[in-house]
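**Student:** The structure's right below; bear with me while I get my questions together.
Protein chains: 2
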Amino acid sequence: MNALAKHIKNIVVISDEQLVKLCDRFVEKRFSKKEHVLHISNTVNEVYFILNGCVRTYIHDLNGVEHNITFSMEDWWFGDLQSYLKRTPAAFNIQALEDLTVLAISRENWDVLLKEIPEFVAYTRVLFRNTMFSHENRILQNLSYTAEERYRHFLGHYPNLSQRISQKQIASYLGITPEFLSMLRRKK
Amino acid sequence: MNALAKHIKNIVVISDEQLVKLCDRFVEKRFSKKEHVLHISNTVNEVYFILNGCVRTYIHDLNGVEHNITFSMEDWWFGDLQSYLKRTPAAFNIQALEDLTVLAISRENWDVLLKEIPEFVAYTRVLFRNTMFSHENRILQNLSYTAEERYRHFLGHYPNLSQRISQKQIASYLGITPEFLSMLRRKK
DNA sequence: CTCTTTTCTTAAACTACATTAATTTTTTTG
DNA sequence: CAAAAAAATTAATGTAGTTTAAGAAAAGAG
Numbered sequence: 000m001n002a003l004a005k006h007i008k009n010i011v012v013i014s015d016e017q018l019v020k021l022c023d024r025f026v027e028k029r030f031s032k033k034e035h036v037l038h039i040s041n042t043v044n045e046v047y048f049i050l051n052g053c054v055r056t057y058i059h060d061l062n063g064v065e066h067n068i069t070f071s072m073e074d075w076w077f078g079d080l081q082s083y084l085k086r087t088p089a090a091f092n093i094q095a096l097e098d099l100t101v102l103a104i105s106r107e108n109w110d111v112l113l114k115e116i117p118e119f120v121a122y123t124r125v126l127f128r129n130t131m132f133s134h135e136n137r138i139l140q141n142l143s144y145t146a147e148e149r150y151r152h153f154l155g156h157y158p159n160l161s162q163r164i165s166q167k168q169i170a171s172y173l174g175i176t177p178e179f180l181s182m183l184r185r186k187k
Numbered sequence: 000m001n002a003l004a005k006h007i008k009n010i011v012v013i014s015d016e017q018l019v020k021l022c023d024r025f026v027e028k029r030f031s032k033k034e035h036v037l038h039i040s041n042t043v044n045e046v047y048f049i050l051n052g053c054v055r056t057y058i059h060d061l062n063g064v065e066h067n068i069t070f071s072m073e074d075w076w077f078g079d080l081q082s083y084l085k086r087t088p089a090a091f092n093i094q095a096l097e098d099l100t101v102l103a104i105s106r107e108n109w110d111v112l113l114k115e116i117p118e119f120v121a122y123t124r125v126l127f128r129n130t131m132f133s134h135e136n137r138i139l140q141n142l143s144y145t146a147e148e149r150y151r152h153f154l155g156h157y158p159n160l161s162q163r164i165s166q167k168q169i170a171s172y173l174g175i176t177p178e179f180l181s182m183l184r185r186k187k
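Chains as they are written, first to last, in numbering that gives the first Met the number 0: chain A, 0 to 187; chain B, 0 to 187.
Below you can see the structure in the form of structure tokens.
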């Protein structure tokens, strides 16, 4: 049984047959480090579940500066859900930070699963909720805490991730410059 | 037909009978200005649709400073959805900023509607999505823009609201001090 | 309508974080 | 493994936003 099947089983009750039917709608894909899974303003036709590796989701602001919005790693979903569901062009860039293996699902297959497998409806409902809740928490943190506090929290919350990705990427996620992050780390 | 019925009709196709059944599960409630609809760490048993007035959702950070997370006004939903759905204690405070009239729905009635009225399932799916998307946008803004840019955006996005609530509340939403907001306004 | 409380404004001193630029360390690539 | 490119460090200087404090204006209460 693959990691996706396990992930689903942890969230909803579902028979093994249904699970097989469900997993059949996914296709394995690979991207190499630094490759883009999605470019901003392209059409979004898939979302992804990570089997191996990690990605960053980012944008450029009006001054051309890159800002990391999220990191995603093993057993997480990623993609531009908003564009996938609304059929609007992608609002984000998504880039592999390590060699990456994912399970991809097309919108057509997503819709089929929603119709045919009620457990998938329940599962995606939980996914959306959790995404919503983690966004709420992120907003809170950006409002309430200093860069240093946000960095400590990041370390606590994503302990492995901080070993796997560069500080430049972490700084961009925290909303500070790499130079300032370097200074925070020194004075620890 | 009340504002909630209209709001639902704008989002999903639904018969008038179903709509009546649906609206019957809501109870009208009133709160006066400054009254709290929800206190942090209390149990959450209802969520609300606003007929009249506006509210702020806020927390205290570790230093005791208040931070506004959202404002909600006519035709919007509010409540601590996370706690409502997960049955955990409230993570937020919610306070009326004006005299307030809402339609409240209990968790029991929410669950009944989800079972009995498929259109309600579709409607809440859209609600959750939109909440998710607006959170994404807020995270982006806090990362990418200066206080002044965020203030301009706030004015453009909530033109009426800025007339209805105090600058102290707006500053708390923007993540700056009232003094600094005052300075931004002067130099306009 | 007056008294009290809260909000708003202004300004000076201060701090968290940005910018620039030079140097070192690490990673990537042929 | 050597050369090139990217990332990380350090330090000096600059700036967006905070803090404190005091007075003016507006809102709320009796």
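Each residue gets a CB set at the ideal place from its N, CA and C atoms; glycine is no exception. The structure presented is a predicted model; accordingly, all values stated were derived computationally and were not measured.
Would you say S143/B reaches chain A, if we count a Cβ-Cβ gap shorter than 7 Å as a contact?
**Tutor:** For S143/B, the answer is yes, since a Cβ of chain A falls inside 7 Å of its Cβ.
**Student:** Pick from T69/B, K8/B, R163/B: whose alpha carbon is nearest that of H134/A?
**Tutor:** Considering only alpha carbons, the answer is T69/B.
**Student:** Among the residues of its own chain, which have a CB less than 7 Å from the CB of I104/A, if the five just before and after it don't count?
**Tutor:** Excluding positions up to five away in sequence, the list reads R24, F25, E45, V46.
**Student:** Would you mind stating whether R149/B and Q140/B have Cβ atoms separated by less than 7 Å?
**Tutor:** Going by C-beta atoms, R149/B is nearer than 7 Å to Q140/B.
**Student:** Going by beta-carbon coordinates alone, are K28/A and V101/A separated by less than 7 Å?
**Tutor:** Contact: yes.
**Student:** Does the distance from the C-beta atom of N67/A to that of R55/A stay below 7 Å?
**Tutor:** For N67/A and R55/A, yes; Cβs fall inside 7 Å.
**Student:** Is L113/A helix, strand or coil when you go by DSSP?
**Tutor:** Three-state DSSP puts L113/A in a helix.
**Student:** Skipping 5 residues on each side, what residues in its chain have a beta carbon closer than 8 Å to that of I58/A?
**Tutor:** So the qualifying residues of the chain are I39, E65, H66, I68, A90, F91, N92.
**Student:** Can you check DSSP and say which residues form a bridge with Y157/A?
**Tutor:** Partner(s): none; Y157/A has no beta bridge.
**Student:** Kindly identify the DSSP beta-bridge partner or partners of E107/A.
**Tutor:** DSSP output for E107/A lists no bridge partner at all.
**Student:** Look at the Cβ atom of Y122/A, then the Cβ atom of I10/A, and state whether they are nearer than 7 Å.
**Tutor:** Going by C-beta atoms, Y122/A is nearer than 7 Å to I10/A.
**Student:** Check each candidate in M182/B, E34/B, D60/B, Q162/B and name the one with the smallest Cα separation from L96/B.
**Tutor:** With distances taken between Cα atoms, L96/B lies closest to E34/B.
**Student:** Hey, would you say D74/B sits closer than 7 Å to A4/B, going by beta carbons?
**Tutor:** No; because the gap between Cβ atoms is not below 7 Å, this pair is not in contact.
**Student:** What does I68/B reach in chain A if we use C-beta pairs closer than 7 Å?
**Tutor:** Ordered by position in chain A, the residues that pass the 7 Å Cβ test against I68/B are I138, L139.
**Student:** Could you tell me whether any Cβ in chain A is nearer than 7 Å to the Cβ of T130/B?
**Tutor:** Yes, its Cβ sits closer than 7 Å to a Cβ of chain A.
**Student:** Assuming the contact rule is C-beta atoms closer than 8 Å, L126/B and M72/B should be a hit. Round their C-beta distance to whole Å, please.
**Tutor:** Wrong, their Cβ atoms sit about 16 Å apart, outside the cutoff.
**Student:** Since E27/B sits in a beta bridge, which residues does DSSP pair it with?
**Tutor:** The partner list for E27/B (beta bridge, DSSP) reads L102/B.
**Student:** Where does F119/A fall in DSSP's three states?
**Tutor:** In this structure, F119/A counts as helix in the three-state DSSP scheme.
**Student:** Counting only the same chain and skipping the five closest in sequence on each side, list residues whose C-beta sits under 7 Å from that of S82/B.
**Tutor:** Excluding sequence neighbours, S82/B sits near V43, P88, A89, A90.
**Student:** How would you list, in chain order, the residues of chain B whose beta-carbon sits under 9 Å from the beta-carbon of D60/A?
**Tutor:** The answer, in chain order, is L139, L142, S143, Y144.
**Student:** Whole angstroms is fine: what's the gap from R184/A's alpha carbon to A170/A's?
**Tutor:** Computed Cα separation, rounded: 11 Å.
**Student:** Is the Cβ-Cβ distance between A146/A and I175/A less than 7 Å?
**Tutor:** Yes, these two residues count as a Cβ contact at 7 Å.
**Student:** Does G174/A get closer than 7 Å to chain B when you measure Cβ to Cβ?
**Tutor:** So, interface residue.
**Student:** Could you tell me the alpha carbon to alpha carbon distance between L84/A and K186/A, rounded to whole angstroms?
**Tutor:** When rounded, the distance between both Cα atoms is 45 Å.
**Student:** Verify whether the separation of the beta carbon atoms of D98/B and K32/B is less than 7 Å.
**Tutor:** For D98/B and K32/B, yes; Cβs fall inside 7 Å.
**Student:** Against chain A, does H168/B count as a neighbour if the rule is that its beta carbon must be under 7 Å from one of theirs?
**Tutor:** A small correction: the amino acid at residue 168/B is Gln; His does not occupy that position in the sequence shown. Not an interface residue.
**Student:** Whose C-alpha, out of K114/A, F179/A, G63/A, H152/A, is nearest the C-alpha of K20/A?
**Tutor:** Per the Cα distances, K114/A.
**Student:** Between the stretch 89-121 of chain B and chain A, which residues of the former have CB atoms less than 7 Å from a CB of the latter, in chain order?
**Tutor:** Answer in chain order: no residues at all.
**Student:** Taking the alpha-carbon of I116/B as reference, which of H6/B, L18/B, M0/B has the nearest alpha-carbon?
**Tutor:** Minimum Cα distance to I116/B is reached at L18/B.
**Student:** Along the beta strand (DSSP E) that carries R86/A, what are the first and last residues, could you check?
**Tutor:** Counting along the chain, R86/A falls outside any beta strand (DSSP E), and DSSP gives it neither H nor E.
**Student:** E65/B lies in the beta strand (DSSP E); which residues open and close that run?
**Tutor:** That run of the beta strand (DSSP E) goes 65-71.
**Student:** Apart from the five residues on each side of it in sequence, which residues of its chain come closer than 6 Å, Cβ to Cβ, to I13/A?
**Tutor:** Answer for I13/A: E118, listed in chain order.
**Student:** Can you check whether the C-beta of F127/A is within less than 7 Å of a C-beta belonging to chain B?
**Tutor:** Answer yes: the Cβ-Cβ gap between F127/A and chain B drops below 7 Å somewhere.
**Student:** Check each residue of the stretch 71-84 of chain B: if its Cβ is closer than 9 Å to any Cβ of chain A, include it; give the result in chain order.
**Tutor:** Cβ contacts with chain A: L80, Q81, L84.
**Student:** Leaving out five residues on either side along the sequence, give the residues of the same chain with a beta carbon under 8 Å from the beta carbon of Q168/A.
**Tutor:** The answer, listed in chain order, is R55, N67, F70, L96.
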